[in-house]
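Quick notes on the structure that follows.
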Amino acid sequence: MLFLLQAAGKQSSPGGMLSMLLPFILMFVVMYFLILRPQKKKERERKSLLSRIKKNDRVVTAGGVHGTITSVRENEIILRIDDAKDVKIKVDRSAVAAVLEVSHEETEEPKEIAKESKETK
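Heads up: the sequence shown is residues 126 to 246, going by the numbering used here.
Structure (structure tokens):
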């Protein structure tokens, strides 16, 4: 009984509460920098990758299918898997896991710069 009265008489100080919460705050900060922040960066890079895919890019899907993009729509792409038999499949745009080779149909300017640099040598 005496123990209960002594416990009821003591009040926790604000400094004691802060020292108790400090480890939880530190754990959250560490988790943010080690887990959450890199995950958000990776997601931004993936969205950028999916928005840049275009016709004639060589890609790999999440299922491991290799192919060349023949058509790009809003949410789906059409992949040519076999040139000889003209096998094509329609997959969701989010199924693209990696771009192996980017097509070089963007502009002709880099080729001209390369030719000029060869001529000057």
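Every residue gets a Cβ at the ideal spot worked out from N, C-alpha and C, and that includes glycine.
Model, not experiment: these values are computed from the prediction.
**OP:** Taking only the alpha-carbon atoms, compute the straight-line gap between K166 and Y157 and give it to the nearest angstrom.
**Re:** Going by C-alpha positions, K166 is about 12 Å away from Y157.
Original post:
Does the separation of the CB atoms of L204 and G192 fall below 8 Å?
Top reply: Going by beta carbons, L204 and G192 fall inside the 8 Å limit.
Original post:
In whole angstroms, what separates the C-alpha of N181 from that of Q164?
Top reply: Distance between N181 and Q164, taken at the CA atoms: about 29 Å.
Subject >> Paired residues, beta bridge with R218 - DSSP >> reply: R218 has no beta-bridge partner at all, per DSSP.
Subject >> Member of T195, P148, R198, E170 whose CA lies at the smallest distance from the CA of A222 >> reply: For A222, the closest of T195, P148, R198, E170 by C-alpha to C-alpha distance is E170.
Original post:
I194: buried (16+ other C-beta within 10 angstroms of its C-beta) or exposed?
Top reply: Its Cβ being crowded by 16 or more others within 10 Å, I194 is buried.
Subject >> Beta-carbon proximity list for N200, same chain, < 7 Å, skipping 5 on both sides >> reply: In the same chain as N200, and ignoring 5 residues on each side of it, the C-beta atoms closer than 7 Å to its own belong to D217, R218, in chain order.
Subject >> Residues near V185 in its chain [Cβ-Cβ closer than 7 Å; skip 5 each side] >> reply: H191, A222, A223, L225.
Original post:
Relative to the alpha-carbon of I202, which residue among D208, A209, R183, K210 has its alpha-carbon at the smallest distance?
Top reply: When each option's Cα is compared against that of I202, the closest is R183.
**OP:** Kindly list the residues whose CB is nearer than 8 Å to the CB of I178, restricted to its own chain and excluding five residues on each side of it in sequence; keep chain order.
**Re:** V184, I194, V197, I202, R218, V221, V224.
**OP:** Could you name each continuous beta strand (DSSP E) segment of 3 residues or more that falls completely within the stretch 143-203, going from the start of the chain to the end?
**Re:** You should have 183-186, 191-197.
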